[in-house]
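In this note's numbering, the protein residues as written are 5 to 300. Positions of the beta carbon are idealized from the N, C-alpha and C atoms, including for glycine.
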């Protein structure tokens, strides 16, 4: 009886050992705590699983965003994550002067990230940056499509913005100086209240982010920055170079995302999750299916 029990235990241990040895390591993907990042990581993960035999694990909503994700990436706790070019420039490389030329900035990112054992595999095609939004009827009434148009009509309009933006030296004041805007009045309000105030007519113009879900939700008009005042924050994938070596098919998969997503598409996907109540996984899958990259 003892020999039988001993034999069974040895067989069980052997089976467990074989399972452990056969278990594949997962590609570890991280995201910042925001809807857009949740969607992007799902797009990345689902495309990897569609195109390869690699297993993927996503850690969503890491507090502190870049501040905590980047060091963890360098340590090998994560393999890749979606990032924004000028966020990396300011928060990772700690550059004090902002490089205006997008191409030059990206080349510098590639060079300096290479020294950290990291790289960018390209850019998705959209920028999540500051913008100015108005109601559709306001745009029609005053003929607004650009910031220059807004400047000409600014004396008739009220500007609303969150305190940080209104008080920031490079924010509202610099914007008005650059375009010679002189608004009838200004009002400060919390970020969460800006869109409600705009829709209700309490203000006529607000500062926004170009992929905000509320832009699509409320049928608002995002004006064109014809003087290139706001810098672009292009989104793309940052990945460990040793992960690209470990998973040879990974680079090719990630490069399929280059130039794939427009600002309007990202805005709509954010809207479907935040307003439409859909799961980020579902929205990501539908996007990939529509692009012919995922088969239902």
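Mapping the DSSP letters down to three states, classify residue i as helix, strand or coil.
i, result
"residue 35", "coil"
"residue 101", "coil"
"residue 283", "coil"
"residue 233", "coil"
"residue 187", "coil"
"residue 238", "strand"
"residue 1", "Residue coverage of the chain in this structure runs from 5 to 300, which leaves residue 1 outside it and unanswerable."
"residue 250", "helix"
"residue 94", "helix"
"residue 51", "helix"
Could you work out which residue in the options is closest to residue i when comparing CA atoms only?
i, options, result
"residue 58", "284, 254, 97, 160", "254"
"residue 262", "184, 81, 129", "129"
"residue 296", "271, 285, 260", "260"
"residue 125", "258, 218, 136, 35", "258"
"residue 153", "200, 205, 226, 30", "226"
"residue 50", "32, 66, 65", "32"
"residue 234", "41, 119, 111, 133", "133"
"residue 182", "231, 106, 286", "231"
Can you name the residues that DSSP bridges to residue i?
i, result
"residue 243", "84, 123"
"residue 118", "BP columns for residue 118 are empty, so no partner."
"residue 159", "DSSP, once it has assigned bridges, lists no residue as partnering residue 159."
"residue 147", "Residue 147 is not bridged to any residue."
"residue 255", "DSSP, once it has assigned bridges, lists no residue as partnering residue 255."
"residue 136", "211"
"residue 30", "59"
"residue 131", "238"
"residue 164", "191, 210"
First and last residue of the alpha helix (DSSP H) that includes residue i?
i, result
"residue 168", "167-171"
"residue 275", "267-278"
"residue 70", "70-79"
Starting from residue i, follow the beta strand (DSSP E) in both directions and report where the run begins and ends.
i, result
"residue 59", "59-63"
Worksheet item: Quick one: complete beta strand (DSSP E) runs, 3+ long, within the stretch 192-229?
Response: 209-213, 224-226
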